[in-house]
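Using the UniProt record's numbering, the letters of the sequence shown correspond one by one to residues 1 to 439. Backbone N, C-alpha and C fix where the C-beta goes; we use that ideal spot for every residue, glycine too. Some notes on the structure that comes next.
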Amino acid sequence: MSGLPPTTEAAPPTTGRSLDDRMTARAEAVLARQSQKRGLARILPFLGPAVIASIAYMDPGNFATNIQGGAQFGYALLWVILAANLMAMLIQNLSAKLGIATGKNLPETIRERWPRPVVWLYWLQAEVVAMATDLAEFLGAAVAIQLLTGLPLIWGASITAVLTFWLLTIQRRGFRPLELVIGGFVAIIGVAYLTQFVLARPALAELGRGFIPSFQGVDSVYLAVGIIGATVMPHVIYLHSALTQGRVPTRNDDEKVRLSRLNRIDVIVSMGLAGLINMSMLAVAAATFYGKGVEDAGDLETAYRTLTPLLGPAAATAFAIALLASGLSSSAVGTMAGQVIMQGFVNFSIPLWLRRTITMLPAFIVIILGLNPTDVLVLSQVILSFGVPFALVPLLLFTARRDVMGVLTSTRLVTTLGWLFASIIIGLNVYLLWGAFTS
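Structure follows, in structure tokens:
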């Protein structure tokens, strides 16, 4: 049974549900040491939750930041993406482990253990952050449709709405079909950027030097802060714990430990792939735009228009397809996170179609008012920064407590690293907010 909250309509048994049952049975056999499968076949039933979570690290906001970094500073900030990705791996693993250890997601754990006024405060800020994130993702998909078809942005938004509604209906068929679809979108983004990488032909020697920590002036420091500061998405921390809660039943502590280890593979593989895609974004931008005098390369439409004369229409099309896959999948995942947030914090839920309708209204308002979508993307990242401490702090507090986590309690080293990473991320987000408001 998935940890995601159910929709109001009860879904009858379907092919998707039987697929869930088959994969769950295979997972239980592995945990009970009764499976004869080896290699990928043994690990496959445990892959999926981190795939869904990883899409948040490839959303349209990442596109803008990575492209701007490569256009302005070449390959110099590749090491920043690598460092940010390693931080994300640890934090997402802790979130997933909380769901396995407790059978509850992070919002539910907060609701059960903290005072009611604090819980309501958490719920309100989490809803604002989730909606701001969804705004950026929805707009990214709408812009991609506009670039691919030439349709007005309002029509791109309308098509995006229909497609995300369709994506959300897949959840009713079970967790495995949804994981496969989101995994398909990740594959599309990966293939699209592999295509661009081949066409751009980055200089391998310079690319390698990009992993040596260095800066090129104050502006590069600020952009590096933007890359790291926006790495951890609050809504996906909440969601990841829901994706693992009860997904694979465990009967004893030994099975919980075994499940946690296998889940760690899911996190490393999925987040590692997300990191490679982000590095490819920056490398392609460095090879294509750096030193070419391209202004506002971080603007999604500018990047698309500039790719055609520099690398040809195939690269521009691959960029737009990747942006579309990113926007659609991350927007659907954001809506799912919002449902987890509401049900977890206040024990109340609304139909996913209603939440989708409510959360896409700001995007239509932005389009009708004629605001620049990339500027709104940047603003959404500022709003998102407010929610980072709210998600990180309770996650680290709970995962270090034996009365909460039992045998999966974090070691002192993991907890120390977690607080170090959290301090860096929170500090950088504060710096970003300060810079945003003072400028």
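My guess is that T415 and A400 are in contact by the Cβ rule of under 8 Å, so how many angstroms apart are they, rounded?
-> About 5 Å separates the beta carbons of T415 and A400, which is inside the 8 Å limit, making them a contact pair.
Would you list, in sequence order, the uninterrupted alpha helix (DSSP H) runs of no fewer than 4 residues that lie entirely inside the stretch 286-321?
-> The qualifying runs are 300-311.
For W120, which residues from the same chain have a beta carbon less than 8 Å from its beta carbon, with the 5 sequence-adjacent residues on both sides left out?
-> Cβ within range, chain order: F345 and V346.
What separation, rounded to the nearest whole angstrom, lies between the Cα atoms of L116 and I110?
-> First, the residue type needs correcting, since residue 116 is Arg and not Leu in the sequence shown. Roughly 9 Å separates the two Cα atoms.
Option in P373, A56, L82 and L369 with minimal Cα separation from P213 | Of the candidates P373, A56, L82 and L369, the residue whose Cα lies closest to the Cα of P213 is L82.
Would you mind sorting S18 into buried or exposed? The rule is 16 or more other CB atoms within 10 Å of its CB.
-> With fewer than 16 neighbouring CB atoms inside 10 Å of its own CB, S18 falls in the exposed class.
What residue does the alpha helix (DSSP H) around M193 start on, and which one ends it?
-> First, the amino acid is wrong: residue 193 is Tyr here, not Met. Unbroken alpha helix (DSSP H) run through Y193: F175 to A200.
Are the Cβ atoms of L273 and S54 separated by less than 8 Å?
-> Yes.
What are the boundary residues of the alpha helix (DSSP H) that M89 is part of?
-> Taken as a continuous stretch (DSSP letters only), the alpha helix (DSSP H) holding M89 covers L78 to T102.
Who are the Cβ neighbours of P107 in its own chain at under 7 Å, not counting the five residues just before and after it?
-> Cβ-Cβ distances below 7 Å link P107 to Y238, V340, I341, G344 and F345 in the same chain, with the five nearest sequence neighbours on each side left out; the list follows chain order.
Measure the Cβ-Cβ separation of L408 and K97 and say whether it is below 8 Å.
-> Yes.
Beta carbon of I182, beta carbon of S326: below 8 Å?
-> No, these two residues do not count as a Cβ contact at 8 Å.
Stretch-stretch touch, CB-based, cutoff 8 Å, three pairs: the stretch 85-94 with the stretch 227-236 = Taking 8 Å as the limit for Cβ pairs, the verdict is that the stretch 227-236 does touch the stretch 85-94.
Is it buried or exposed for T160, if we count other Cβ within 10 angstroms and need 16 for buried?
-> By the neighbour-count rule (16 or more Cβ atoms within 10 Å), T160 is buried.
How many Å lie between V225 and A25 at the Cα?
-> Answer to the nearest angstrom: the Cα atoms are 44 Å apart.
Check whether the stretch 68-85 touches the stretch 260-278, counting contact only when three or more Cβ pairs, one atom from each stretch, lie closer than 8 Å.
-> Counting Cβ pairs under 8 Å, three or more are found: they touch.
G61, enclosing alpha helix (DSSP H) - first and last residue | In this chain, the alpha helix (DSSP H) harbouring G61 covers P60 to F73.
According to DSSP, is A203 helix, strand or coil?
-> Three-state DSSP puts A203 in coil, outside helix and strand.
C-beta contact flag for T164 and A332 at 8 Å = Closer than 8 Å, so yes.
Beta-carbon proximity check, N105 vs S241, cutoff 8 Å = Contact: yes.
On the three-state DSSP scale, how would you describe F421?
-> Residue state, collapsed to three classes: helix.
Secondary structure at A25, three-state DSSP: helix, strand or coil?
-> If DSSP states are grouped into helix, strand and coil, A25 belongs with the helices.
When the Cα atoms are used, what is the spatial distance from residue 443 to Q34?
-> Since the first and last residues shown for the chain are 1 and 439, residue 443 lies out of range.
Taking all protein chains shown into account, do 16 or more other C-beta atoms lie within 10 angstroms of the C-beta of P313, making it buried, or fewer, making it exposed?
-> Exposed.
Beta-carbon proximity list for I189, same chain, < 8 Å, skipping 5 on both sides = Scanning its chain for C-beta atoms nearer than 8 Å, with the 5 sequence neighbours on each side dropped, one finds around I189 the residues M58, I277, A322, A325 and S326, in chain order.
Simplified DSSP state of N252, which is helix, strand or coil | Secondary structure at N252: coil, using DSSP grouped into helix, strand and coil.
Identify whether L223 lies in helix, strand or coil by the three-state DSSP scheme.
-> DSSP places L223 in the helix class (H, G or I) of the three-state scheme.
Going by the C-beta, is W353 closer than 7 Å to any heavy atom of the ligand SAH?
-> With respect to the ligand SAH, the structure shown offers nothing to examine, as it has no ligands at all.
Nearest to I426 by CA position, among S385, R402 and W434, is which residue?
-> Of the candidates S385, R402 and W434, the residue whose Cα lies closest to the Cα of I426 is S385.
Whole-angstrom distance between T438 and F46, CA atom to CA atom | Looking at the two C-alpha atoms, the distance is approximately 46 Å.
Thinking C-alpha only, which one of V366, V51, I350 and T359 is nearest G334?
-> G334 has its Cα closest to that of T359, out of V366, V51, I350 and T359.
How big is the Cα-Cα spacing for E9 and G174?
-> With a pLDDT of 39 at E9, under the threshold of 50, the modelled position of this residue cannot be trusted; read the value that follows with caution. Their Cα atoms are separated by approximately 13 Å.
Pull up the distance between the alpha-carbon of F421 and that of Y122, whole angstroms please.
-> Between F421 and Y122, the alpha-carbon positions lie close to 22 Å from each other.
Nearest to V257 by alpha carbon, out of Y75, W419 and G406?
-> V257 has its Cα closest to that of G406, out of Y75, W419 and G406.
Assigned exposure category for R412 - 16 Cβ within 10 Å defines buried = That one is exposed.
Using three-state DSSP, classify P362 as helix, strand or coil.
-> Three-state result, P362: helix.
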